[in-house]
Amino acid sequence: MPKNIAVKARYAGAEWFGEPAPSFVFRPVHYLGSKLRVLTDIEQAIDRVDPSGGAVCDLFSGSSTVSRYLSRRRRVMAVDIQEYARVLAEAVLNGDPAWSVASVEKALSEDRRGTALRRAVDPLIKLENEVTLHAMRGD
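Going by this note's numbering, the sequence shown opens with residue 11, and the numbers climb by one from there.
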């Protein structure tokens, strides 16, 4: 399959990156206008327009959730003017398929620095969960 490309749109020119992308749904940023629940609808609409499985361009790619999902079967060009979106697209589309959340957690748990890192961030994660629950309840 041809390479996927992450592009940071600029007023003049663009940066191009590429490599084949592994396929799974990943949502690194939670946007208000998330398309996570309509990924299959988007894919089906694209398939109706282009049943050949040709390349697609994800304009305003944001968190690259759509790009990553479509990259399972198509070549994808992810485009966004925001630098963070370009960084996310490059990582999401061209990341190392050998790494997974489980493998990273295992590596961190076996490393003393990983253990220290977990001890340092656990209170913050707990606080974030508590605040989120309060917000969901309207407190």
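Glycine included, each C-beta is placed from N, C-alpha and C at the ideal position.
| query | result |
| --- | --- |
| Reduced DSSP category for aspartate 121 - H, G, I as helix; E, B as strand; rest coil | coil |
| Leucine 49 versus tyrosine 94 - alpha carbon distance | 22 Å |
| C-beta atoms of aspartate 68 and valine 97 nearer than 8 Å | no |
| Between the CA atoms of valine 141 and serine 71 - distance to the nearest angstrom | 29 Å |
| Leucine 80 burial status per 10 Å Cβ neighbour count (16 or more: buried) | buried |
| Chain-order list of residues whose beta-carbon lies under 6 Å from that of glutamate 53 (same chain, five-residue window excluded) | none |
| Residue of Ser62, Arg84, Glu100 and Arg85 minimising C-alpha distance to serine 73 | Glu100 |
| Which residues DSSP lists as bridging valine 66, in chain order | Val86 |
| Nearest-angstrom Cα separation, counted from proline 107 out to leucine 118 | 18 Å |
| Simplified DSSP assignment, three categories, for tryptophan 26 | Only weak support exists for where tryptophan 26 lies, its pLDDT of 29 falling under 50; the value from the coordinates is given anyway. If DSSP states are grouped into helix, strand and coil, tryptophan 26 belongs with the strands. |
| Cβ neighbour criterion (16 or more within 10 Å) applied to arginine 123 | exposed |
| Assigned secondary structure, lysine 45 (DSSP; H/G/I helix, E/B strand, else coil) | coil |
| From Glu115, Arg83 and Ala126, residue whose alpha carbon lies closest to that of glycine 63 | Arg83 |
| Separation of serine 44 from leucine 137, as counted between CA atoms | 25 Å |
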